[in-house]
Each structure stands twice: as C-alpha cells, then as structure tokens.
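K.L.:
Residue numbers (this note's numbering): -17 to 129.
Cβ atoms here follow ideal geometry from the backbone N, Cα and C, with glycine treated the same way.
Dumping the structure here so I can ask a few things about it.
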C-alpha cells in the first residue's frame, strides 16, 4: 500500500505514537521481505515519512532479505523520494543479492533526472563499472535476449 497523499498524516501519527509513546525502536526489524520501516518507507511512502524516520535515527545501510538497501528501493520512486533519503555515493554503488546497484533501480523508475544523478555518483567511483548488458536488463525488467 502506498502512503503518499491523504494517508501520509495518518502514517506519521502512527509512527509518532509507536516511537514516542510505545518506545518502539526506529530500527526494529520485522518479518517479511523488507528489513525495516525505512525500507518500507523508501518503497511505499511519501518523502516526508522517509525524512521523519531519518530524523529519528533510522539506519540507511542494512540490507533486506534480498540485500536491497533503502538507497536501492528509493530509486524505484523517483528523484523527489531519492532526495529525501539523500544516499551516499557508497550506498549507490553497493550491490544487492543479485549484484544490482541503485543505478539498476533508477533505470527501472524511468526517471531520467534520477538516472543522471545516480550516474554522477558512479562517475565518482571509477573503479566501479556497470555493464551495458546489466543496464539494458534493468531497463527491460530482466528480459534481455541472449546472444
């Protein structure tokens, strides 16, 4: 369920209740595929929710069950959500369990401005290279032809 728009204030109210009154730790992990509240927010929530979790000390580096970090997941959402997380260059070149970087996720988003931004981070790490085949694979959703 996406929590942008009308539901954002309700979600923020619930998060404040859990963190401030119930004393739930912001980095508590739960069941399922996603590792933390920040992972879920990066994939499904408004930028304000991402910013709130960060302000409460959410960790940005741990991977979920598939090795995806919040930096990977936020790239599905586009540049506005990405800016709310403001991931480090190291987070952008980190590989998930299938060896994909944030660039692969950015390509899938079809947000050209985001792809350019993530590419800039890759340029600052010349030792790290993504191949053309990997990017085409990401753009086509894993459906590249074999030669």
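(1) Grouping DSSP H, G and I as helix and E and B as strand, with all else coil, what is residue 66?
(2) With DSSP run on the structure shown, which of helix, strand or coil describes residue 37?
(3) Quick one: is residue -3 buried, meaning 16 or more other Cβ sit within 10 Å of its Cβ, or exposed?
(4) Rounding to the nearest angstrom, what Cα-Cα distance links residue 37 and residue 11 in this structure?
(5) Relative to the C-alpha of residue 101, which candidate in 49, 7, 74 and -1 has its C-alpha closest?
(6) Less than 8 Å separating the beta-carbons of residue 19 and residue -10?
(7) Below 8 Å between beta carbons: does that hold for residue 23 and residue 31?
P.N.:
Well, looking at it:
(1) Start at 1 with the first residue of the chain shown, and residue 66 comes out as number 84. In this structure, residue 66 counts as helix in the three-state DSSP scheme.
(2) The sequence position of residue 37 within the chain shown is 55, counting from 1. It is helical.
(3) One-based indexing of the chain shown puts residue -3 at position 15. Label assigned to residue -3: buried.
(4) Locating residue 37 in the chain shown gives position 55, where the first residue counts as 1. Locating residue 11 in the chain shown gives position 29, where the first residue counts as 1. Rounded to whole angstroms, residue 37 to residue 11 spans 18 Å at the Cα level.
(5) By one-based count along the chain shown, residue 101 stands at place 119. The option with the nearest alpha carbon to residue 101 is 74.
(6) Counted from its first residue, the chain shown places residue 19 at position 37. Counted from its first residue, the chain shown places residue -10 at position 8. No.
(7) Working through the chain shown from its first residue, we reach residue 23 at position 41. Working through the chain shown from its first residue, we reach residue 31 at position 49. Cβ atoms of residue 23 and residue 31: closer than 8 Å.
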